[in-house]
Structures are given as structure tokens and as C-alpha cells.
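Numbering (my numbering), first residue to last: 67 to 461. C-beta atoms are modelled at their ideal positions from N, C-alpha and C, and glycine is treated no differently.
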């Protein structure tokens, strides 16, 4: 006796659906009946798949058959890892995974778009400086020793016949990048936990790694400010002894970078957003037209280009830097914008990145607290790798 659709399991429904497709082309077929049966089967399959997505089950066993249901997702590392995280509320990511996040350009995991998803809001981004610098896995090291050429290439001298050539040897030195323990705290609502284990785990991970990226950008910027490898260029001051951006600022910075006989390519201008606005406000003396053409990158508005005639300089906004425009002189020199090749700045990852979740800290707010910690270190590794536009100290 032929079963009705509501009496079949999903495997039998899929088989019957295939039979209907064959019978539709048969001569004398009752098309109305077949169409009604096909619609009923489609509704049952859709109802089944919706139910399984809601439950978030990684692998479903067919009813009474003891074998995986056709079309059911196979159990994998992500599902197992997510389920384990929900149970233990702890996860560890290796340095290689963290390095991939550093280079990912902010493309972090996010949960399925449902009503409980937390939107980060406009402007909740990270400076792209950490996507540009050289990142290395230094797990297990207590320090990363980096050698460099201290005095540069020796120049040859004229040699008199019969006399010894002048001995000029380049001098070498090294610097040590040491780890600093970085801990970050963020929050996620309890509603997000009601999603599937995979989606909840992905959201927790993305929130924690976003915090890591923000802190890493701060660590890298602090290394720029403190580095002895950075050369300084005095900023232009106005009548009130405050830093100012004028029609010559961009070319003075770009052409000062590199040796006496070269202009280095691949450099980026790292600056505060206020300075980017100041570049856009500079006007000519006669026609009052904009001197600089500022063009944000459509794919990543944190970066873009500043054009001055035939000179085009790539920029990257970094809120951890002091603005040049309007900064008054003090008793100490103040570094503002930095210009240089990002590969000259090195970020070392000395440990795995660990995250843990607590339900207690923000219990009254119905939020889980996410704590992440990692050991990072950074420094400029090339002499003269960056120029710092500096507001000089008061004379």
C-alpha cells in the first residue's frame, strides 16, 4: 500500500519527489494529483530543514534508520569547537590564527543575520596600520632579536698605486622586541547566546578579536612614537606657535623620506583624522581652490590617497596619533604624523590568544563578559624607516 507524504520519513520523501518528476512526463498521468503530492512533499522537506536549522544540530540521524539524513551537515571542527566552547566557555587560538586575523583587513566571523545579532555601529573600526605592518609568529620566544645596518654602506675611496686600500667597514647593531601582556574586555548580550553554538561562538570570537586588533593598533603606534629608528622633521608653525598644514606640507614630507639620491616608494602617511580634514581645507592664494585632493578608498575608508599635483601619497587614519594642525608647542617635542614603509615596522605575536567568558561580571545587565589576553611586541626594524613630523619643544 502506498504511503501518504505525512507517513514518510525524509529519505522516503526525497525518493518520492524524484519519482514524481518522472511520472509527470508519463502519458496519461494525473497531473493535478501529482502536483498536489509534490507540493505536500516540498512543504514537509522545508519544515524539516527549518526545524534542524533552528535546533542547530550538526548531524541528524534519519528517523528509525540509524544513518545520517541525506543533506544533513556533517560534523566538523567548527561545530565541535563551538559546542565545546559553550560547555567550557574557554577557547584558545594559535599565533598562526591570530596572524591571519591581523592580515584579514577586518573580515571577521559574524553570526547568521537574525534579530538577536548585535550591530557594531558606524565608526566601530580599527586602524588599518595592523594590516600593513610585518607580522611574525614568535610563540615560545622571550625576545626577538633583530639585527640591522647601523652606519650604512661604506663609500669607496681612490687608491694610490702600491698602497693599501682604505678600510671602511659598515657597522651593525641589533634591537630586541620583547612581549607585553595585553588583556581586553568586551561584552555580548545573553540573547546572542540563544543562537546556535556555532553562531554564538563566532560572535564571541569576532568581538574578542576586534578588541585585540584595536589594542594591537595601539601597541604598534606606541612603538612608532618611542622608536629610535625614526627620523624627525620639524613641523611648520603658525604665528601662535601651533602646528599648521599648508600647501607645502605633503611634498616636504614625501621628498624628505629616503636617501639623498632617491625617493622611496610604497610609503604611507599615518595621521589623525583631524589632520586629514586640515589637508582638505588648504586653499590656494589666488583662486582659493583646494590644494590637495583627498580621496578615501571606497572598500576601506580608513585609507585613501592625498594628491598634490603629480604627487600622490597613500594615507591611513590612526586615532592613536596626535594631530599636527592646531597643536601648540610645549616643553617637550611632540610627534604627530608618521610617513614610511609599513614593512619597516614589525609586530611579533609571542603567545596564543585566549578568550574566556563569564556570566557573573555583568549579571544584572544580562550580558556575558568576554576576556581576551595575548602577548605582543612591536618596533621599527629599519633605520630611517619612518619620518615623524614633530612639533618642536619651546626654545
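For residue i, list the residues DSSP reports as bridge partners.
i, result
"residue 309", "303"
"residue 442", "246 and 415"
"residue 382", "336 and 369"
"residue 356", "349"
"residue 202", "414"
"residue 215", "238"
"residue 210", "243"
Would DSSP call residue i helix, strand or coil?
i, result
"residue 406", "strand"
"residue 263", "helix"
"residue 431", "helix"
"residue 154", "helix"
"residue 79", "helix"
"residue 388", "coil"
"residue 396", "coil"
"residue 253", "strand"
"residue 134", "Low confidence applies to residue 134: its pLDDT is 41, below 50, so where it sits in the model is not reliable, and the reading given next is rough at best. Strand, per DSSP."
"residue 374", "strand"
"residue 424", "strand"
"residue 237", "coil"
"residue 196", "helix"
"residue 184", "No answer about residue 184 holds up, because its pLDDT of 44 lies below 50 and its placement is not dependable."
"residue 270", "helix"
"residue 140", "Only weak support is given to the placement of residue 140: the predicted model assigns it a pLDDT of 42, under 50, and the question is left unresolved by the model."
"residue 453", "strand"
"residue 296", "coil"
"residue 436", "strand"
"residue 361", "strand"
"residue 124", "Note that residue 124 scores a pLDDT of 38, beneath 50, so its modelled location is shaky; the value from the coordinates is reported in the next line. Coil."
"residue 129", "Residue confidence is low: residue 129 scores 37 on pLDDT, short of 50, so the model does not pin down where it sits. Its coordinate-derived value is still stated next. Residue state, collapsed to three classes: coil."
"residue 401", "strand"
"residue 326", "coil"
"residue 99", "helix"
"residue 20", "The structure shown does not extend to residue 20, since the chain spans only 67 to 461, so no value can be given for it."
"residue 460", "coil"
"residue 149", "helix"
"residue 230", "coil"
"residue 277", "helix"
"residue 314", "coil"
"residue 174", "Low confidence applies here, because residue 174 scores a pLDDT of 32, under 50, leaving its location unreliable and the question unanswered by this model."
Quick one: is residue i buried, meaning 16 or more other Cβ sit within 10 Å of its Cβ, or exposed?
i, result
"residue 446", "buried"
"residue 322", "exposed"
"residue 271", "buried"
"residue 389", "buried"
"residue 193", "buried"
"residue 242", "exposed"
"residue 281", "buried"
"residue 350", "exposed"
"residue 412", "buried"
"residue 406", "buried"
"residue 432", "exposed"
"residue 367", "exposed"
"residue 238", "exposed"
"residue 452", "buried"
"residue 274", "buried"
"residue 105", "exposed"
"residue 290", "buried"
"residue 240", "exposed"
Let me check understanding here. Comparing Cα to Cα, which of the options lies closest to residue i?
i, options, result
"residue 145", "267, 83 and 243", "267"
"residue 332", "213, 361 and 409", "409"
"residue 448", "245, 293 and 192", "293"
"residue 300", "402, 421, 370 and 250", "402"
"residue 257", "102, 371, 425 and 291", "425"
"residue 22", "442, 458, 454 and 455", "Lying outside 67 to 461, the shown extent of the chain, residue 22 is not represented and no answer is given."
"residue 376", "316, 216 and 431", "316"
"residue 254", "245, 368, 276 and 244", "276"
"residue 252", "265, 278 and 260", "278"
"residue 319", "374, 210 and 240", "374"
"residue 404", "396, 423, 380 and 395", "380"
"residue 400", "406, 419 and 391", "391"
"residue 338", "460, 366, 89 and 386", "386"
"residue 343", "110, 327 and 312", "312"
"residue 355", "362, 361 and 347", "347"
"residue 459", "450, 309, 384 and 208", "309"
Using beta carbons (cut-off 8 Å, strictly below), is residue i in contact with chain D?
i, result
"residue 110", "Looking for chain D here will not work: only one protein chain is present."
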